[in-house]
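Undergrad: Submitted below is the structure of interest, expressed as structure tokens.
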Amino acid sequence: MLTCKQIAPSLSIPDGRQVLPFLRSSRPPKEKVVVVMGATGTGKSKLSIDLATRFSGEVVNSDKMQVYEGLDIITNKITEEEACDVPHHLLGIIDPNVDFTSTNFCSMASLAIRSIAGRRKLPIIVGGSNSFIEALVDDETHEFRSRYECCFLWVDVSMPVLHRFVSERVDRMVENGMVDEARQMFSLDADYSKGVTKAIGLPEFDQYFRVEPYVDLETRAKLCQEAIDEVKNNTCKLACRQLEKIYRLRNNKGWKVHRLDATDAFLKNGKESDKAWNELVAAPSMVILSRFLNNFGPNIYMNPTTVRGTAMETAMVTATH
């Protein structure tokens with residue numbers, strides 16, 4: 078992909094090669110970091126891959142359940158195929174029996190981001206744990222803000238539409254083996270307040286696993302379905318809490334968050350869905366990110382070989398600030 082280069086302003090330097098005073102005091106530019114936010118199921122991972130493959134980026138996971146080893150189905154980790162060879166950090170690396178705190182996240186994420194930026198790659202922080210993201214970006218010493226400039230992208234989907242999608246996604250997770258995965262983690266003395274056991278998809282099956290060996294097939298099927306329905310309900314409640322936090326970060330803390338409405342892409346199927354995603358989410362994000370990375374003004378956009386025609390026009394209409 079062709080990239081546009083910034084043209085440095087022409088400065089008149091006096092004879093003798095003396096550096097102007099204002100140049101001596103100027104600070105080096107901050108490193109750029111992208112943060113992709115959104116409720117569970119809205120397509121954050123998909124957008125992060127879209128952006129990483131176009132802007133030479135690497136992903137830093139900020140989902141507090143996906144940092145743990147195992148439970149790939151229940152925690153809905155991105156698959157190797159979906160990752161498209163994009164490197165992912167803080168994904169599936171923590172012992173599932175220990176607590177991973179926001180302090181732990183800030184320490185490990187900071188190291189990952191520094192490493193990525195040091196290799197001249199773009200760090201893309203992605204995940205639904207907004208408390209982790211907030212702790213990292215707005216740390217008490219303001220170190221992160223002093224070192225990095227952030228571009229916040231928010232993938233949003235209408236809640237009724239998202240709830241339907243979440244329900245269908247849980248059904249797919251069941252088909253892919255979610256119940257068996259949960260069963261492997263079940264213990265009669267399980268503590269659902271520690272480590273990965275807090276993940277939605279484990280506590281909901283506890284009662285079912287306790288009585289499963291002692292009930293008939295009909296009762297077993299009924300209890301299993303009740304547990305699945307509880308997973309769906311709790312996931313929808315999580316999405317609502319995540320949305321509330323994003324509103325708070327934007328409205329109360331003043332984060333400049335770019336909202337991208339992906340609802341229409343979720344209402345369509347197949348190629349029509351892909352087209353809507355590109356026009357309403359991917360293309361506008363590329364425009365926003367290109368400006369952010371290159372400090373372009375409002376009338377300069379990324380190379381048209383990447384964003385074309387209707388997609389570009391739609392991007393300018395739908396990308397809100």
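Quick note, in our numbering, the sequence shown goes up one by one and the last residue is 398.
By construction, the Cβ of each residue, glycine as well, lies at the ideal position given by its N, Cα and C atoms.
None of the values given here were measured: they were computed from a predicted structure.
How would you call L168, buried or exposed, if buried means at least 16 neighbouring beta carbons within 10 angstroms?
TA: As a first step, residue 168 is located in the sequence shown; it is residue number 91 there, counting from the start. Result: buried.
Undergrad: Under 8 Å Cβ to Cβ from Y269, same chain only, skipping five residues before and after it: list those, please.
TA: Mapped onto the sequence shown, residue 269 falls at position 192. Once the five neighbours on either side are set aside, the close Cβ partners of Y269 are K275, L279, P280 and D283.
Undergrad: Assuming the contact rule is C-beta atoms closer than 8 Å, L230 and I365 should be a hit. Round their C-beta distance to whole Å, please.
TA: Position 153 of the sequence shown, counted from the start, is the residue given in the question as residue 230. Position 288 of the sequence shown, counted from the start, is the residue given in the question as residue 365. Going by Cβ atoms, the distance from L230 to I365 rounds to 7 Å, so yes, they are a contact pair.
Undergrad: Along the chain, where does the alpha helix (DSSP H) that runs through D341 open and close?
TA: The residue you call residue 341 lines up with position 264 of the sequence shown. T340 to L344 is the extent of the alpha helix (DSSP H) around D341.
Undergrad: In chain order, what residues of the same chain have a beta carbon less than 6 Å from the beta carbon of F132, not counting five sequence neighbours either side?
TA: Taking the first residue of the sequence shown as 1, we reach residue 132 at position 55. The answer, listed in chain order, is L199.
Undergrad: Relative to the alpha-carbon of K123, which residue among I201, R191, P106 and A194 has its alpha-carbon at the smallest distance?
TA: Stepping through the sequence shown from its first residue, residue 123 is reached at position 46. If we check each option's Cα against that of K123, I201 comes out closest.
Undergrad: Per DSSP, M114 forms a beta bridge with which residues?
TA: Looking up residue 114 in the sequence shown gives position 37. M114 pairs with W231.
Undergrad: Whole angstroms are fine: how far does the CA of Y225 sit from the CA of R101?
TA: Taking the sequence shown and counting its residues from 1, the one referred to as residue 101 is at position 24. Taking the sequence shown and counting its residues from 1, the one referred to as residue 225 is at position 148. Unreliable placement is indicated for R101, whose pLDDT of 48 sits below 50; the coordinate value is still reported in the next sentence. Rounded to whole angstroms, R101 to Y225 spans 21 Å at the Cα level.
Undergrad: In terms of alpha-carbon separation, which member of R325, C301 and K109 lies closest to C228?
TA: In the sequence shown, residue 228 corresponds to position 151, counting from 1. The shortest C-alpha separation from C228 is found at K109.
Undergrad: If you reduce the DSSP assignment to three classes, tell me which class N372 lands in.
TA: Numbered from its first residue, the sequence shown carries residue 372 at position 295. In this structure, N372 counts as coil in the three-state DSSP scheme.
Undergrad: Here's the rule: buried if 16 or more other CB atoms are within 10 angstroms of the residue's CB, otherwise exposed. What is T233?
TA: By 1-based counting over the sequence shown, the position of residue 233 is 156. One detail in the question is off: residue 233 reads as Asp in this sequence, not Thr. So D233 ends up on the buried side.
Undergrad: Rounded to whole angstroms, what is the Cα-Cα separation between L300 and F286?
TA: For the purposes of this step, residue 300 is taken as residue 223 along the sequence shown, with counting starting at 1. For the purposes of this step, residue 286 is taken as residue 209 along the sequence shown, with counting starting at 1. Spanning the two alpha carbons is a distance of roughly 9 Å.
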